[in-house]
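Per our numbering, the sequence shown runs over residues 198 to 506.
Working notes, structure below.
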Amino acid sequence: MSETAKRILAGLALGAFAVGALYFEVFNWVLPLVLILVFSLMGLYEFYHLTDRGLDGAPFRKLGFLFAILIILGFYAHFLTIKTRFGFEPDATYAMFMHWFYPGENLAILLIVFCFIVCSAAQLMTRPLDGAIYSILVTIGGIVYTTLTLGHGLLILAYPRGVFYLVFFVLLPILMDSGAYFVGRWFGRHNAGLKVSPRKTYEGYVGGIIFTIAVANAVVWGWKEWANPGVREITFGHLEVSLLAFGMAILSIFGDLAESAFKRDANIKDSASTIPGHGGMLDLADAIYFCLPVAFYYMLVREMLGFGF
C-alpha cells in the first residue's frame, strides 16, 4: 500500500473514532475526556522524546505527565461547569470533583506555575546544574504545547452544538494540511524557500488555503441543510466561514512549520511512527495545537458580542 493510501485510510479511521467518541454521551462525557487525555499524553511523550538531550538537559517526564493529567482534569471540570449552564445536573461525586478542579476559574495557569516550582526543586535535588534551564523549560513547554492547547477542545465541546464546532475547528487545519500536501505534490513548481521545510511550495500553500475555504463552506452549507432540526441552528454565515477558514489555514501553516523546526532541531524526520502515513501524534496534530485555543476564544468573543455559540 502506498504512503498516500495509508495516510488517507489512517486519517479516516482516526477521524471516525474521534467523532464517535465525541458524539456518544456516556458516563457524563467521559469518552471525550479519555480521547483528549490520550492524544495529549501521546503528543507529550513524543515532545519529550524530541527534546531529550541526555546529560545536556532532559525533561522531567513523570512530573510532566502528572501535571498534564491534572490540567486535563481541570479542563474537564470546567467543561462540566459549562454544561451545568445548559441543563446538566451533576451528582454529588461530580459536584465535588467540579468544586476542587474548577473553583470558579480554570486551574491550568496555577498548575503550570506549580509545575515550574516542582521541576525547579527536582532539578536542584536530583540533577547537576548543567542543563537546568533547558530541562525545566522543555518540561513546561511540552505541557503548554500538547496539553493546554488540546484542553480547549473540551471547552468548545461543552457548548450547545459543541460536537459540530469542535469537529469543524479540528477539520480546518486537517483540510489545510491535506490540501497543501496533494496540491503541492501534483502541481507544486515554485519552492517556498523555507529552510525549516524545504519541500513546501507556493502552489501547495495557496491550494491548501483555497481547498480549506471551499470545503469549510460546503460543510457549513451541508450542516444547515441536512442536519437534524435540533442541532442545525449554527450562526456562521458564509463570509464569516471564509474569513475564519483563511485565518485558521494561515495559523495551521505556522503550526506545521513550528513542529518541523522542533524535528530539525532534534535531527529526526517524524516525531514517531504510531500513525500510518502520518508519523506520530505531533505530526498529525501540529496545526491543531495552534488552532484550538484560538478557535475557543474566537467563539467566546462571538458569544460576548451577542452572536451566540
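From the three backbone atoms N, C-alpha and C, an ideal C-beta is built for every residue, glycine too.
Which stretch, first to last residue, makes up the alpha helix (DSSP H) that contains W420? Here the alpha helix (DSSP H) through W420 covers Y399 to W423.
Three or more beta-carbon pairs under 8 Å between the segment 416-430 and the segment 377-386, yes or no? The segment 416-430 and the segment 377-386 do not touch, with fewer than 3 CB-CB distances between them shorter than 8 Å.
Burial state of L354 (16 or more Cβ within 10 Å): Classified as buried, L354 has 16 or more neighbouring CB atoms from the shown chains inside 10 Å of its CB.
Which same chain residues, not among the five before or five after H387, have their C-beta less than 8 Å away from its C-beta? Closer than 8 Å at Cβ, skipping near neighbours: T398, Y399 and E400.
Going by beta-carbon coordinates alone, are T344 and L232 separated by less than 8 Å? No, the Cβ-Cβ distance between T344 and L232 is not below 8 Å.
Once DSSP output is grouped into helix, strand and coil, what is the label at G503? If DSSP states are grouped into helix, strand and coil, G503 belongs with coil.
Sorted by chain position, which residues of the same chain lie with C-beta nearer than 6 Å to I249's C-beta, five sequence neighbours on each side aside? Sequence inspection shows Asp at residue 249; the Ile mentioned does not correspond to that position. Around D249: A255.
Here's a check: name, in chain order, each residue in its chain whose Cβ is nearer than 8 Å to the Cβ of F433, leaving out the five neighbours to either side. Within the same chain, F433 has close Cβ partners V417 and L441.
Which residues in the same chain as F361 place their Cβ atom closer than 8 Å to its Cβ, once the five residues preceding and following it in sequence are excluded? Once the five neighbours on either side are set aside, the close Cβ partners of F361 are W420, A424, V428 and I431.
Between A446, G217 and I268, which has its C-alpha nearest L347's C-alpha? Per the Cα distances, I268.
Count the other C-beta atoms from every protein chain shown that fall within 10 angstroms of the C-beta of Y356, then say buried if there are 16 or more, exposed otherwise. Taking every protein chain shown into account, the CB of Y356 has 16 or more other CB atoms within 10 angstroms, so this residue is buried.
For G339 versus N303, is the C-beta spacing smaller than 8 Å? No.
Helix or strand or just coil, what does DSSP make of G444? Assigned with DSSP and collapsed to three states, G444 falls in helix.
Member of L307, P287, I407 and A218 whose CA lies at the smallest distance from the CA of L234: From the listed residues L307, P287, I407 and A218, the smallest Cα separation to L234 is found for A218.
Going by C-alpha distance, which of T336, V393, F504 and I407 is nearest L372? When only C-alpha atoms are compared, the closest one is I407.
From which residue to which residue does the alpha helix (DSSP H) around E243 run? From DSSP, the alpha helix (DSSP H) with E243 extends over V227 to T248.
Neighbour flag for K392 against chain D, beta carbons, 8 Å: No chain D is part of this structure, which consists of one protein chain only.
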